[in-house]
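Undergrad: Those protein sequences? They're chains A and B, same order as listed. Just so you know, the first sequence maps onto residues 61 to 385 in my numbering. Just so you know, the second sequence maps onto residues 61 to 385 in my numbering. By construction, the Cβ of each residue, glycine as well, lies at the ideal position given by its N, Cα and C atoms. Mind looking over this structure? Questions follow.
Number of protein chains: 2
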Amino acid sequence: MLTIDALQYSNWSRAVFDAMRRGGLDCAHVTIAYHETCVETLRNIGAWNRLFELHGDLIMRAGCAEDINAAAAAGKTAIVFGFQNCSPIEDDYALVEIFHALGVRFMQLSYNNQSPLAAGCYEARDSGVTKFGKQVIDEMNRVGMVIDMSHSAERSTLDAIDYSSRPIAITHANPSSFADVPRNKSDAVLKALAGRGGMLGLSLYPPHLKHGSVCTRESFCTMAARTAELMGVEHLGIGSDLCSNQPAAVLAWMRDGRWRKPAAVDGAADAAPQWPPQPAWFESAADYPGLADGLAQAGFSAAEVERVMGQNWLDFFARSFGPAA
Amino acid sequence: MLTIDALQYSNWSRAVFDAMRRGGLDCAHVTIAYHETCVETLRNIGAWNRLFELHGDLIMRAGCAEDINAAAAAGKTAIVFGFQNCSPIEDDYALVEIFHALGVRFMQLSYNNQSPLAAGCYEARDSGVTKFGKQVIDEMNRVGMVIDMSHSAERSTLDAIDYSSRPIAITHANPSSFADVPRNKSDAVLKALAGRGGMLGLSLYPPHLKHGSVCTRESFCTMAARTAELMGVEHLGIGSDLCSNQPAAVLAWMRDGRWRKPAAVDGAADAAPQWPPQPAWFESAADYPGLADGLAQAGFSAAEVERVMGQNWLDFFARSFGPAA
Numbered sequence: 061m062l063t064i065d066a067l068q069y070s071n072w073s074r075a076v077f078d079a080m081r082r083g084g085l086d087c088a089h090v091t092i093a094y095h096e097t098c099v100e101t102l103r104n105i106g107a108w109n110r111l112f113e114l115h116g117d118l119i120m121r122a123g124c125a126e127d128i129n130a131a132a133a134a135g136k137t138a139i140v141f142g143f144q145n146c147s148p149i150e151d152d153y154a155l156v157e158i159f160h161a162l163g164v165r166f167m168q169l170s171y172n173n174q175s176p177l178a179a180g181c182y183e184a185r186d187s188g189v190t191k192f193g194k195q196v197i198d199e200m201n202r203v204g205m206v207i208d209m210s211h212s213a214e215r216s217t218l219d220a221i222d223y224s225s226r227p228i229a230i231t232h233a234n235p236s237s238f239a240d241v242p243r244n245k246s247d248a249v250l251k252a253l254a255g256r257g258g259m260l261g262l263s264l265y266p267p268h269l270k271h272g273s274v275c276t277r278e279s280f281c282t283m284a285a286r287t288a289e290l291m292g293v294e295h296l297g298i299g300s301d302l303c304s305n306q307p308a309a310v311l312a313w314m315r316d317g318r319w320r321k322p323a324a325v326d327g328a329a330d331a332a333p334q335w336p337p338q339p340a341w342f343e344s345a346a347d348y349p350g351l352a353d354g355l356a357q358a359g360f361s362a363a364e365v366e367r368v369m370g371q372n373w374l375d376f377f378a379r380s381f382g383p384a385a
Numbered sequence: 061m062l063t064i065d066a067l068q069y070s071n072w073s074r075a076v077f078d079a080m081r082r083g084g085l086d087c088a089h090v091t092i093a094y095h096e097t098c099v100e101t102l103r104n105i106g107a108w109n110r111l112f113e114l115h116g117d118l119i120m121r122a123g124c125a126e127d128i129n130a131a132a133a134a135g136k137t138a139i140v141f142g143f144q145n146c147s148p149i150e151d152d153y154a155l156v157e158i159f160h161a162l163g164v165r166f167m168q169l170s171y172n173n174q175s176p177l178a179a180g181c182y183e184a185r186d187s188g189v190t191k192f193g194k195q196v197i198d199e200m201n202r203v204g205m206v207i208d209m210s211h212s213a214e215r216s217t218l219d220a221i222d223y224s225s226r227p228i229a230i231t232h233a234n235p236s237s238f239a240d241v242p243r244n245k246s247d248a249v250l251k252a253l254a255g256r257g258g259m260l261g262l263s264l265y266p267p268h269l270k271h272g273s274v275c276t277r278e279s280f281c282t283m284a285a286r287t288a289e290l291m292g293v294e295h296l297g298i299g300s301d302l303c304s305n306q307p308a309a310v311l312a313w314m315r316d317g318r319w320r321k322p323a324a325v326d327g328a329a330d331a332a333p334q335w336p337p338q339p340a341w342f343e344s345a346a347d348y349p350g351l352a353d354g355l356a357q358a359g360f361s362a363a364e365v366e367r368v369m370g371q372n373w374l375d376f377f378a379r380s381f382g383p384a385a
């Protein structure tokens, strides 16, 4: 069984990569930018190049589905790059193709706040996808970079689903019906997403879970089963949002970037300044096998567990990561 | 016969690409940065991506020798990217690998002036290759980016030849014995270059020629024959330095960048503010066949003409553009 996690942002180290291998993780989509400029993002890619050099026995770079199969065959975890925000392309649509050439396969159009492309899920008003946003979607569609609306607002997300000529993704979020927080998604969004061939990655980040850190595996997996009924099991995968070993300072960077003073808290649901503890049954990247067991206990067939644990993402990557036909 | 030009910086347009095709040019190493920062260089790559999209019937991107053979077979001109200066990597050795991933295969360590890596050929004193310069050479050697010392000073060039673990290039210059200007190279440099497996691309830029714009083809080709005797014919190619259709403002950018006020002239040999006329027998990229004829008349055998017109560069690219063994 192939295991793919469509969102991780851990404090990368050999210990984390070891945990991935213990968990049988064949591929992780990893975040390489939140609020970074273009050059700052290149430096992050530079740091990853060094990780590939140092830990080439555990991880390898991946830009297409074939790379992931090759990683699985070699007993390594394939690493796919993505942005949680559009800051790396600055004001230049042409940087989409350049970052694609460097291995970036996902970009969120906005992260919590308004961006030049779309609104974030914590804004009071929702701009929808903007004029520049449409140009960037066209370019992402052309080169094969997946539009990710995990942190975007509802109207913006529906616009992106509708406007994009290729299926889009919400790599890490849960249904609002499970935990009603701004980051989770309405049934209307989830049905529209699936209706256009898109994918949802179910999140294991406590603020997105019913009862947070004490959410049970059974509760999570029952939600997964209900979501499969809503969307169709072929549109469901995992996007854990796992942030192993990250210091609190990183949480401040993710939330505050350079746009506000770090101490400010605006009452948003996940604005607390500390990392919440992970659920006991999903504490690290070593815990994917237990998740698969939980899905089976919640009524997924063996074939369906395989789909949700990785095969759906692999199929989606195969359709999405290359140039438009 | 394969024709490769190891340096052009024309004002790229369909007319220029048409001239390349008329001249049977199979590959051009094109300059994409003089004084540009990292992000500015990415924008230049973005502009090239658009040229590849619009003129894909005439040109194609190339990153290895196989790509050049494929271009030749398809009747297109292969485009290899290079920098005439180290400004795109700013202060970060890790950007070498990132630009290599984007197709950059040559970088000069300095352009006329002192850089953080090495001295330029117009400086009063010659730093040699610096501490950062050695780190960058190590990284260029590792990933497969060719060190080009065309605009560097003598000691710096000798240092680079000596320090680099892989052969380097002087993509566009002539022997000082032919025209004694700071940009041309001493016999000592040329012999050291060849001694370590390096390549010289002979320049057709008038300030590098005996008698400038009125240099005859016979004079140029006789110089080529003497240089082949000095270095060995296998170390010789063409690097025309052709700058077709460029406005005078571009010359100011090349020479002055942002480091001095545009009007200043410091008495350097090629500091004149206008483009010199090309020799009548090499006015555009359509004129490579006449150059091959001239080499034959100067006594090169048919096999040697093939080497100098392209095969030597192709062999060098095949050895140089990939990761170190």
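1) Can you give me, in chain order, the residues of the stretch 136–167 of chain B that have a beta carbon less than 7 angstroms from any beta carbon in chain A?
2) Whole beta strand (DSSP E) runs in the stretch 160–187 of chain A with 3 or more residues, listed along the chain?
3) With a cut-off of 7 angstroms, does the C-beta of B/G106 fall near any C-beta of chain A?
4) Skipping 5 residues on each side, what residues in its chain have a beta carbon closer than 6 angstroms to that of B/R256?
5) Tell me whether A/D301 is buried or exposed, calling it buried when 16 or more other Cβ atoms sit within 10 Å of its Cβ.
6) Take B/V164 and list the residues in its own chain whose beta-carbon comes closer than 7 angstroms to its own, dropping the five residues that flank it on each side.
7) Between which two residues does the alpha helix (DSSP H) holding B/C281 run?
8) Count the CB pairs spanning the stretch 61–73 of chain A and the stretch 83–95 of chain A that are closer than 8 angstroms, and state whether there are at least three.
9) According to DSSP, A/A229 sits in a beta bridge with which residue or residues?
10) Hey, A/A252 and A/L218 are a contact pair by Cβ (cut 8 angstroms); roughly how many whole angstroms apart?
11) Against chain B, does A/G109 count as a neighbour if the rule is that its beta carbon must be under 7 angstroms from one of theirs?
12) Taking the alpha-carbon of B/Q338 as reference, which of B/T276, B/Q195, B/E199, B/G317 has the nearest alpha-carbon?
13) State buried or exposed for A/K191, treating a residue as buried only when at least 16 other CB atoms are found within 10 Å of its CB.
14) Less than 7 angstroms separating the beta-carbons of A/A125 and A/A378?
15) Secondary structure at A/A248, three-state DSSP: helix, strand or coil?
16) Buried or exposed for A/Q357, going by 16 or more other Cβ atoms inside 10 Å?
17) Please tell me whether A/P267 and A/S273 are closer than 7 angstroms, where the distance is taken between their beta carbons.
18) Pull up the distance between the alpha-carbon of B/V293 and that of B/M369, whole angstroms please.
19) Could you name the residues of the same chain whose beta carbon sits closer than 8 angstroms to that of B/W335, not counting the 5 residues immediately before and after it, in chain order?
20) From B/N145 to A/R202, what does the alpha carbon distance come to, in whole angstroms?
21) CB A/S216 to CB A/G261, shorter than 7 angstroms?
22) Could you tell me whether the stretch 105–118 of chain A touches the stretch 148–159 of chain B, where touching means 3 or more Cβ pairs closer than 8 angstroms?
23) Go ahead and label A/G135 buried or exposed: buried means 16 or more other beta carbons lie within 10 angstroms of its beta carbon, across all protein chains shown.
24) For A/I207 and A/M259, I'd like the C-alpha separation in whole angstroms.
25) Run the CB neighbour count on A/M80, radius 10 Å, all protein chains shown included, and call it buried at 16 or more, exposed below.
26) Examine chain A for any beta-carbon lying closer than 7 angstroms to the beta-carbon of B/C98, and answer yes or no.
27) With distances taken Cα to Cα, identify the nearest neighbour of A/V99 among A/R367, A/L162, A/D117, A/A229.
28) Just the C-alpha distance for B/S236 and A/Y69, rounded to the nearest angstrom, thanks.
29) Is there a C-beta anywhere in chain B that falls below 7 angstroms from the one on A/L114?
30) Give the list of continuous alpha helix (DSSP H) stretches no shorter than 4 residues that lie fully inside the stretch 113–149 of chain B.
31) Near B/G382, which residues of its chain fall below 8 angstroms by C-beta distance, leaving aside the five closest residues on each side in sequence?
32) List the residues of chain B whose Cβ lies closer than 7 angstroms to the Cβ of A/L102, in chain order.
33) With a threshold of 16 other CB atoms inside 10 Å of the CB of A/K245, please say whether the residue is buried or exposed.
34) I need the DSSP call for B/H95, collapsed to helix, strand or coil.
35) Which residues in the same chain as B/L374 place their Cβ atom closer than 7 angstroms to its Cβ, once the five residues preceding and following it in sequence are excluded?
TA: Let me lay it out:
1) Listed in sequence order: D152, A154, L155, E157, I158, A161, L162.
2) Segments of the beta strand (DSSP E) lying fully in the stretch 160–187 of chain A: 164–168.
3) True, the Cβ-Cβ gap to chain A drops below 7 angstroms.
4) Sequence-distant Cβ neighbours of B/R256 in its own chain, meaning closer than 6 angstroms and more than five residues away, are I221, P227.
5) Burial call: buried.
6) Excluding the 5 residues flanking it on each side, B/V164 has same chain C-beta neighbours closer than 7 angstroms at F141, G142, F143, M205, in chain order.
7) Run containing B/C281: 277–291, per the alpha helix (DSSP H) assignment.
8) Contact holds: three or more Cβ-Cβ distances are below 8 angstroms.
9) Per DSSP, A/D208, A/M259.
10) With 8 angstroms as the limit, A/A252 and A/L218 qualify as a contact, their Cβ atoms being about 6 angstroms apart.
11) As written in the sequence, residue 109 of chain A is Asn, which differs from the Gly given in the question. By this cut-off, A/N109 is an interface position.
12) Relative to the Cα of B/Q338, the nearest Cα in the group B/T276, B/Q195, B/E199, B/G317 belongs to B/T276.
13) Residue environment analysis places A/K191 among the exposed positions, since fewer than 16 neighbouring C-beta atoms fall within 10 angstroms of its C-beta.
14) Yes. Within cutoff.
15) In the structure shown, A/A248 falls within a helical segment according to DSSP collapsed to helix, strand and coil.
16) Flag for A/Q357 reads exposed.
17) For A/P267 and A/S273, no; Cβs fall outside 7 angstroms.
18) Rounded to whole angstroms, B/V293 and B/M369 show a C-alpha spacing of 11 angstroms.
19) In its chain, beyond the 5 residues on either side, C303, Q306, A308, L311 have a beta carbon closer than 8 angstroms to the beta carbon of B/W335.
20) Going by the C-alpha atoms only, they are around 32 angstroms apart.
21) Taking 7 angstroms as the cut-off, the beta carbon of A/S216 is found no closer than this to the beta carbon of A/G261.
22) Taking 8 angstroms as the limit for Cβ pairs, the verdict is that the stretch 148–159 of chain B does touch the stretch 105–118 of chain A.
23) A/G135 comes out exposed.
24) When rounded, the distance between both Cα atoms is 11 angstroms.
25) Answer is buried; the Cβ neighbour count reaches 16.
26) With 7 angstroms as the cut-off, B/C98 counts as an interface residue toward chain A.
27) In terms of CA proximity to A/V99, A/L162 leads the group A/R367, A/L162, A/D117, A/A229.
28) Straight-line spacing of the CA atoms in B/S236 and A/Y69 works out to 56 angstroms.
29) Taking Cβ atoms only, chain B never reaches closer than 7 angstroms to A/L114, which makes this a no.
30) Within the stretch 113–149 of chain B, the runs of alpha helix (DSSP H) at least 4 residues long that lie entirely inside it are, in chain order, 125–134.
31) Counting only Cβ-Cβ distances below 8 angstroms, and skipping sequence neighbours, we find C124, G204.
32) By Cβ distance, chain B contributes C98, L155, I158.
33) That one is buried.
34) Of the three classes helix, strand and coil, the one that applies to B/H95 here is coil, per DSSP.
35) Once the five neighbours on either side are set aside, the close Cβ partners of B/L374 are L62, I64, A125, I128.
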